[in-house]
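Engineer: Before I ask anything, here is the structure I am working with.
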Amino acid sequence: SFYHKINAFWLVGLCAGVFWANLRSDPGIITEENVKIELQRYQFDGIIYKEKNCRTCEVPRPARSKHCSTCNHCCARFDHHCPWINNCVGAGNIRLFLSFLGLHVFLCLYGGILLGYINYALVQSAGLYKMSVRNRTTGELSPVTHLVVAKWLVHNHPPLIGLCMSLTLIGLVLGGFLVYHLYLVFRNTTTNESFKWKDLAREIKQRAKCPRAKATTTKVEFEYQVGDPVTIEGHADGTYIFGGWVTEPVVLAYYQHVPSNSTVWAQDLPIPLKPIKRPASAKAVVLEPLPSMEELVNIYDKGLLWNFREVLFPSSFLKAAREHASKFAGKDGGGGGGVRGGGSAAVGGRER
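The numbering used here numbers the first residue of the sequence shown as 5 and each following residue consecutively.
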């Protein structure tokens with residue numbers, strides 16, 4: 005109908021406009037000019053974000069930011085790099101990205117449903133459900149089933165069926181992606197941070213397997229360079245089953261309770277990778293005990309309304325964030341470690 009033609013025209017145009025806006029948007033690029041402002045946007049939680057500089061951009065890296073290797077810049081509140089919009093998704097364009105997803109979900113499902121009605125109208129005009137089919141073996145007549153109708157549509161109108169199924173499937177997939185990102189907004193976290201929390205949980209489990217891990221645990225890192233001859237142990241008795249050379253630099257971490265700042269040799273530890281000629285050594289670094297996952301708190305999750313306000317109104321968020329952060333800092337007794345009861349946690353002895 006004319007009504008649906010008008011709807012399709014403005015809906016496709018709106019999707020194209022939002023797509024172009026995402027392409028040209030600033031996701032929150034951090035530069036020397038605005039880094040001081042971005043540092044005030046979020047506080048460091050001391051768990052997955054700690055104060056450090058970006059080695060590529062050579063500027064301080066604010067909390068919740070990340071250097072995108074594809075775009076070659078640091079992005080504030082980095083979520084992920086989206087190849088469909090050829091841009092990062094960050095603090096500056098997260099609302100545009102959600103609009104991009106929502107409009108395309110509506111467009112695909114609208115098109116799929118509309119094509120479904122068109123196919124149904126074709127079936128009704130052909131009067132298929134009023135017909136009967138004859139069994140070639142017995143000659144018995146039986147009513148037309150949905151399977152017979154589907155075969156008729158595929159045979160006579162393959163473009164309509166293919167487009168209807170494609171749009172519906174894409175709409176459902178994009179809908180799931182939209183729901184996932186709305187959930188991230190609800191929890192005030194990002195895709196990047198969700199991976200960081202998973203890595204943290206994995207490291208806590210690795211630390212828990214180490215003897216006396218609840219007391220003082222030591223992390224030893226052995227660095228191997230390209231060309232180092234090594235062997236790999238694969239049996240419980242420690243026999244060598246493979247020999248070769250390191251093809252790319254690798255750092256192997258092993259947890260062992262050894263004296264602090266002592267020199268540890270690879271041959272003395274039951275690690276799977278050992279040097280043949282040149283022994284690899286490292287200084288033992290004492291790690292503080294890690295709390296359990298139940299004791300870790302996402303300090304950026306400050307309630308449903310605040311979380312959505314941060315995404316929908318990023319320009320006015322920075323000033324409110326300063327006031328809100330100072331209020332929460334006073335309640336927590338000045339601690340910003342992200343652990344209940346104040347304090348900070350050392351995570352794995354490495355920067356994230």
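Ideal Cβ positions, reconstructed from N, Cα and C, are used throughout, including at glycine.
1. To the nearest angstrom, how far is the alpha carbon of Ala-12 from that of Leu-105?
2. Please return the same chain residues whose Cβ sits closer than 8 angstroms to the Cβ of Phe-332, not counting the five positions on each side in sequence.
3. Which whole-angstrom value describes the C-beta separation of His-8 and Leu-167, a residue pair presumed to lie in contact below a C-beta threshold of 8 angstroms?
4. Going by DSSP in three states, Cys-61 sits in which element: helix, strand or coil?
5. Out of Tyr-184, Ile-89, Pro-66 and Cys-58, which has the shortest C-alpha to C-alpha gap to Asn-76?
6. When you compare only the Cα positions, how much space is there between Val-137 and His-185?
7. Output the distance between the C-alpha atoms of Thr-149 and Lys-155, rounded to the nearest integer angstrom.
8. Taking only three categories from DSSP, how would you classify Arg-138?
9. Given 8 angstroms as the limit, is there contact between the region 78-94 and the region 17-34, that is, 3 or more CB pairs closer than that?
10. On a Cα-Cα basis, can you pick out the residue from Val-39, Phe-317 and Ser-69 that is closest to Ile-52?
11. Which whole-angstrom value describes the C-beta separation of Asn-91 and Asn-26, a residue pair presumed to lie in contact below a C-beta threshold of 8 angstroms?
12. Just the C-alpha distance for Ile-165 and His-71, rounded to the nearest angstrom, thanks.
13. So, helix, strand or coil for Pro-87, using DSSP?
14. Within 10 angstroms of its Cβ, does Thr-60 collect 16 or more other Cβ (buried), or is it exposed?
15. Between the C-alpha atoms of Leu-309 and Tyr-187, what's the straight-line distance to the nearest angstrom?
16. If Phe-190 and Asn-97 are in contact, beta carbons under 8 angstroms, what's the gap, nearest whole angstrom?
17. Name, in chain order, the residues that DSSP records as bridge partners for Lys-70.
18. Which residues mark the beginning and the end of the alpha helix (DSSP H) in which Ser-170 is found?
19. Which residues in the same chain have their Cβ closer than 6 angstroms to the Cβ of Pro-318, if we skip the five residues on either side of it in sequence?
20. How big is the Cα-Cα spacing for Arg-204 and Leu-18?
21. Do Leu-113 and Gly-175 have their CB atoms nearer than 9 angstroms?
22. Does DSSP classify Ser-129 as helix, strand or coil?
23. Report the residue from His-159, Ser-129, Lys-134 and Leu-157 whose alpha carbon sits nearest the alpha carbon of Pro-147.
24. Going straight from the alpha carbon of Phe-6 to that of Arg-313, what length do you get?
25. Verify whether the separation of the beta carbon atoms of Leu-157 and Leu-15 is less than 9 angstroms.
26. Suppose contacts are defined by Cβ-Cβ distances below 9 angstroms. Is Val-315 in contact with Leu-102 by that definition?
27. Which residues in the same chain as Val-22 place their Cβ atom closer than 6 angstroms to its Cβ, once the five residues preceding and following it in sequence are excluded?
Structural biologist: So, from the data block:
1. 17 angstroms
2. In this predicted model, Phe-332 has a pLDDT of only 48, less than 50, meaning its place in the structure is not dependable; the value taken from the coordinates is given anyway. Contacts found: Ile-303 and Lys-306.
3. Incorrect: roughly 15 angstroms between the Cβ atoms, too far for contact.
4. coil
5. Cys-58
6. 49 angstroms
7. 10 angstroms
8. strand
9. yes
10. Ser-69
11. 6 angstroms
12. 44 angstroms
13. coil
14. exposed
15. 13 angstroms
16. About 19 angstroms; that fails the 8 angstroms criterion.
17. Cys-79
18. 162-191
19. Ala-95
20. Per the sequence shown, residue 204 should be read as Leu rather than Arg. Rounded to whole angstroms, Leu-204 to Leu-18 spans 41 angstroms at the Cα level.
21. yes
22. helix
23. Lys-134
24. 39 angstroms
25. no
26. yes
27. Ser-103, Phe-104 and Leu-107
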